Structure formats: structure tokens, C-alpha cells
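Visitor:
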Amino acid sequence: DLASVSGRVPSADDLRREFARSNAARAAARRLAALRRAVPRVTGTVAFRLLAAFWEMEPDRYVEMAREAAEGTAARPPLAGPRVLLTGAPVDGPMLHEAIESHGAIVVAEAGPWGIGVAGDDVRIDDDPVGALADKYRADSIGARTPVDSLRRWTEDLLDDVDAVVVSLPPDDAVFGWDYPALRARLAGRGVPKACLCLHPYETPGTADHAALDAMVAAASGRQEARRG
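Numbering (this note's numbering), first residue to last: 8 to 236.
1) Measure how close the beta-carbons of residue 53 and residue 42 come, nearest whole angstrom, since I'm counting them as under 8 Å.
2) Taking Cβ positions, are residue 73 and residue 36 nearer each other than 8 Å?
3) When the distance is taken between beta carbons, is residue 200 closer than 8 Å to residue 300?
4) For residue 176, I'd like the list of residues in its chain whose CB is within less than 8 Å of its CB, leaving aside the five on either flank, ordered along the chain.
5) Taking 8 Å as the cut-off, decide whether the C-beta atoms of residue 33 and residue 136 are in contact.
6) Grab me the residues of residue 31's own chain with a C-beta within less than 8 Å of its C-beta, minus the 5 sequence neighbours each way, in chain order.
7) Applying the 10 Å Cβ sphere with the 16-neighbour rule, what's the burial state of residue 198?
8) Counting Cβ pairs, one atom from each stretch, are 3 or more of them under 8 Å apart for the stretch 107–119 and the stretch 214–231?
9) Given a cut-off of 8 Å on the beta-carbon distance, is the pair residue 57 and residue 39 in contact?
10) Nearest to residue 173 by alpha carbon, out of 116, 88 and 214?
11) Nearest to residue 179 by alpha carbon, out of 144, 210 and 146?
12) Counting only runs that start and end within the stretch 83–161, where is the beta strand (DSSP E) found for 3 or more residues in a row?
13) Determine the contact status of residue 168 and residue 90, defining contact as a CB-CB distance below 8 Å.
14) For the alpha helix (DSSP H) that contains residue 45, what are its first and last residues?
15) Take residue 149 as the anchor and find which of 76, 166, 121 and 165 has the nearest alpha-carbon.
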């Protein structure tokens, strides 16, 4: 259908060339994401917008803009707040980041394809470009069909780099909440403070939500100080 509309049928070589361009953009996004992790130098609110632009820009333009942003960010002093993982139902905007960071924390990672999950692994360039693309997104995507074991491994890989976890479970969620009891138990076992926000990502958090975030950040700050010795 797309070929009939555009009047052009892409060849396998066309696909491989586009894979190379998009892989360059993924590398640029990974450099940006690295500036958020162990020693964050950019807030999650800003980083989310920079990473999500991957889906809106031509790859070559994104490489240029991401490189400039990474160079400017790398020169900044580290941010001091507790590092937070935002997980649960993926968010597609930075409003929850803003709410969390208004309490002095720094969101260093979030579940979903718009933030830290933008880049993932490169698309392999071989004799089967369509198969390579399918394999890439089957392995990398975080969404309603992601196997729960894959999502748990992704979360576990990040827990050593964070001081607290915020779980987003909006009222219309029918997927990610099923794993919340297991996640809550894992966090309790590790002594990781958490807050669960049961609101739509574009809804303004209420008094109870801010109280939960405030308590989480206070507990995470103590944990952060203990970790630093």
C-alpha cells in the first residue's frame, strides 16, 4: 500500500541504507542516555524530550542535534538528587518526570520506547532486512505484548543504578499492573524506596501523589547518602 501511494518500491539495498542511517541515530541516542545513568548530568524531563525526538527527525539531522546536546551536557556538573527509575505503564510525555523532579529527584530511566528505550540495539544489516527489522523490535520493544520475564530482566538490570522507583499504573492499564505485586516484593527485598502513581500520565498529580513522592525521595536520599558512605 505504501509503495502504491509513493509510486516507489524500496529495494533490499534501500532498506539496508536506511538501517545504517537509523543505527547512527541510535548510537547518538545511546550517548545521550549514558549521560543520565550512574552520574546524571541532565534531568529526565529534558532528556526524555531529547531522546523522543529520535522518532520525529530525519536520522542524519538527529545525529547532528544529539551530538551537540551530548557535548553540551557532558560539560555540565553532575546532578545531586536521588536517581529514579520510572517504570510500569510506558509514558509518552514528560509530565510524570516533571512531577517527580519537582521533589528534587532525577529520573534516569523510564520504561517504554520514547525515553531510554529509544535506541536499543542496532538493526543488523544482512541478507534479510525485513527479518532483521522484525527481530530488532521483537527483542527491544517494551509494550503490552512484552513477555513479563523480559520486562523483569530489564528492570533488574537498572536497579543497581537507581535509588528509588516510581511505578506508573494509570486507571486504564490492564497489563503492567499484573506484575506490580512481584515488583513490589523485589524492591522490598532490595530495600529500594518506591511510589506508585495511579493516575493518567497527563493528569496533574494530586496531594496524595505528591505526598507519596515526597516520602519516597526522603527515603531515597537517606539510601543515597548511605551508599556514598
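Using N, Cα and C, we set each Cβ at its ideal position, and we do this for glycine too.
Source: prediction; values computed, not measured.
Guide: Reading off the structure:
1) Contact check for residue 53 and residue 42: beta-carbon distance about 10 Å, past the 8 Å limit, so the pair fails to qualify.
2) Their beta carbons are under 8 Å apart, which means residue 73 touches residue 36 by this criterion.
3) There is simply no residue 300 to check, as the chain begins at 8 and stops at 236 in what is shown.
4) Excluding five sequence positions before and after residue 176, the CB atoms of its chain that fall closer than 8 Å to its own CB belong to 95, 96, 183, 184, 187, 203, 204 and 205, given in chain order.
5) No, they are not a contact pair.
6) Closer than 8 Å at Cβ, skipping near neighbours: 66, 67 and 70.
7) Residue 198 is exposed by the Cβ-count criterion.
8) These segments touch.
9) Between residue 57 and residue 39, the C-beta spacing is below 8 Å.
10) Closest option to residue 173, Cα to Cα, is 116.
11) When only C-alpha atoms are compared, the closest one is 210.
12) Inside the stretch 83–161, DSSP marks whole beta strand (DSSP E) runs of 3 or more residues at positions 90–95 and 113–117, from first to last along the chain.
13) Taking C-beta atoms as the reference points, residue 168 and residue 90 count as a pair closer than 8 Å.
14) Note, residue 45: premise wrong, no alpha helix (DSSP H); not H, not E.
15) Residue 149 has its Cα closest to that of 121, out of 76, 166, 121 and 165.
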